[in-house]
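> Numbering-wise (my numbering), the sequence shown opens with residue 175 and increments by one. Every residue gets a Cβ at the ideal spot worked out from N, C-alpha and C, and that includes glycine. Input: one structure, supplied below.
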Amino acid sequence: MAHVKTRLQVQVRDNNSNKTSTEAGDSQHYTSTWNAISRIMAEEGIQGLYAGMNGSLVGVASTNFAYFYWYTVARTLYTKSAGPSAAAPSTAVELSLGAAAGALAQLFTIPVAVVTTRQQTASKADRKGLIATAQEVIEGPDGVSGLWRGLKASLVLVVNPAITYGAYERLKTIFFPGKTKLKPWEAFLLGAMSKALATIATQPLIVAKVGLQSKPPPARNGKPFGSFVEVMRFIIQHEGVRGLFKGMGPQILKGLLVQGILMMTKEK
Numbered sequence: 175m176a177h178v179k180t181r182l183q184v185q186v187r188d189n190n191s192n193k194t195s196t197e198a199g200d201s202q203h204y205t206s207t208w209n210a211i212s213r214i215m216a217e218e219g220i221q222g223l224y225a226g227m228n229g230s231l232v233g234v235a236s237t238n239f240a241y242f243y244w245y246t247v248a249r250t251l252y253t254k255s256a257g258p259s260a261a262a263p264s265t266a267v268e269l270s271l272g273a274a275a276g277a278l279a280q281l282f283t284i285p286v287a288v289v290t291t292r293q294q295t296a297s298k299a300d301r302k303g304l305i306a307t308a309q310e311v312i313e314g315p316d317g318v319s320g321l322w323r324g325l326k327a328s329l330v331l332v333v334n335p336a337i338t339y340g341a342y343e344r345l346k347t348i349f350f351p352g353k354t355k356l357k358p359w360e361a362f363l364l365g366a367m368s369k370a371l372a373t374i375a376t377q378p379l380i381v382a383k384v385g386l387q388s389k390p391p392p393a394r395n396g397k398p399f400g401s402f403v404e405v406m407r408f409i410i411q412h413e414g415v416r417g418l419f420k421g422m423g424p425q426i427l428k429g430l431l432v433q434g435i436l437m438m439t440k441e442k
């Protein structure tokens with residue numbers, strides 16, 4: 175699903191010319207999530223749906239490790255500064271510590287995300303291994319710094335969990351006022367809804383980050399994007415504002431399952 179989501183987010187349709195450009199050419203345009211899944215399987219086999227999986231697994235493992243490591247460090251420093259008699263951190267403090275940990279984790283793990291994105295958006299003929307793709311990025315116009323493309327967008331995106339948690343608490347008071355303990359299905363429903371709202375709010379940045387980390391579309395004549403704002407302007411120029419929300423279907427589906435299960439487990 176992550177591969178399909180990335181393919182959908184990187185393609186660019188030109189509203190003026192009615193053409194679609196991707197780094198693999200017009201033939202790679204997908205009209206929907208199902209169309210992307212069926213065509214990738216037809217052209218590359220079922221293994222095509224798992225392109226970049228090694229990088230994704232490394233990315234998930236390293237991101238989780240880095241996040242919890244830096245969260246532990248941040249929380250320990252906060253506890254020491256607050257003193258032994260201080261009350262437990264408030265929700266706002268916990269969210270702030272989580273955001274700080276997320277930002278620090280991004281500094282160390284974003285190179286894996288860049289390489290994985292390159293693998294997932296490359297055609298089958300051009301797709302290389304993890305190390306070879308990293309080398310290709312380094313040999314590009316940005317040099318080693320190319321491995322940190324999309325860092326600013328990633329740092330902004332650390333607000334996604336805060337939006338999710340805030341939306342969850344707000345929806346909880348709306349749908350289940352005064353209820354302190356939710357049933358598993360209730361927690362799953364609210365977790366899924368809150369993640370969907372957070373995804374809708376941050377989807378333009380997610381799309382812009384993918385645009386920064388993948389090869390520039392043919393219309394750019396090989397010129398990389400300079401910032402996520404430039405990616406957004408390009409997408410709006412060629413596809414309109416709706417282009418900033420492409421690939422949102424699989425993005426939300428992924429979030430629904432992960433966040434729903436997380437909140438359901440939390441409420442037990």
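Taking L329 as the reference, which of G434, P258, G276, M227 has the closest Cα?
G276
> Can you say whether F239 is buried or exposed, counting buried as having 16 or more other CB atoms within 10 angstroms of its CB?
exposed
> With respect to the alpha helix (DSSP H) encompassing L404, which residues constitute its N-terminal and C-terminal limits?
In the sequence as presented, Leu is not what sits at residue 404; that position holds Glu. 402-413 is the span of the alpha helix (DSSP H), which, as asked, contains E404.
> Would you report the Cα separation of S259 and I284, rounded to the nearest angstrom?
38 Å
> Which runs of the alpha helix (DSSP H) fall wholly inside the segment 286-369 and span at least 4 residues, in chain order?
304-312, 325-330, 333-349
> If you count every other CB in all the chains shown that lies within 10 Å of the CB of W359, and 16 or more means buried, which is it?
Around the C-beta of W359, fewer than 16 other C-beta atoms lie within 10 Å, and the residue is accordingly described as exposed.
> Looking only at its chain, what residues have a beta carbon closer than 8 Å to the beta carbon of K326, apart from the 5 residues adjacent to it on each side?
S401, F402
> Would you be able to state if there are at least three C-beta pairs under 8 Å between the segment 234-254 and the segment 293-313?
Short answer: they don't touch.
> For the 8 Å Cβ check, are there 3 or more pairs between the segment 335-349 and the segment 380-399?
no
> For the candidate residues Q221, G434, A273, A274, whose alpha-carbon lies nearest to that of A370?
G434
> Need the endpoints of the alpha helix (DSSP H) that S212 sits in, please.
Secondary structure note for S212: its alpha helix (DSSP H) is the uninterrupted segment 207-218.
> Measuring only the C-alpha atoms, how far is I410 from G272?
32 Å
> Let me know if N334 comes out buried or exposed under the rule of 16 or more other beta-carbons within 10 Å of its beta-carbon.
buried
> Taking three-plus beta-carbon pairs below 8 Å as touching, is the segment 210-230 in contact with the segment 289-302?
yes
> Taking a contact to mean a Cβ-Cβ separation below 8 Å, would you say L331 touches L364 in this structure?
Not closer than 8 Å, so no.
> Looking at Y204: is its Cβ nearer than 8 Å to the Cβ of L182?
yes
> When you compare each of H412, K389, M438, M422 to V311 by their alpha carbons, which one comes out closest?
K389
> So L269 and A375 are supposed to be a Cβ contact under 8 Å. How far apart are they, rounded?
Wrong, their Cβ atoms sit about 15 Å apart, outside the cutoff.
> Let's see if you can read the secondary structure: which residues bound the alpha helix (DSSP H) around N228?
227-256
> Can you look up P424 in the DSSP assignment and give me helix, strand or coil?
helix
> Would you grab the beta carbon distance between P424 and V186 for me? Rounded to a whole angstrom, and I think it's under 8 Å.
Wrong, their Cβ atoms sit about 18 Å apart, outside the cutoff.
> Helix, strand or coil, according to DSSP, for S259 in the structure here?
coil
> Should F349 go down as buried or exposed, given a rule of 16 or more other Cβ atoms within 10 Å for buried?
exposed
> How about G429 and Q387: are their beta carbons less than 8 Å apart?
No, these two residues do not count as a Cβ contact at 8 Å.
> Return the CA-CA distance between K353 and M438, expressed in angstroms with no decimal places.
15 Å
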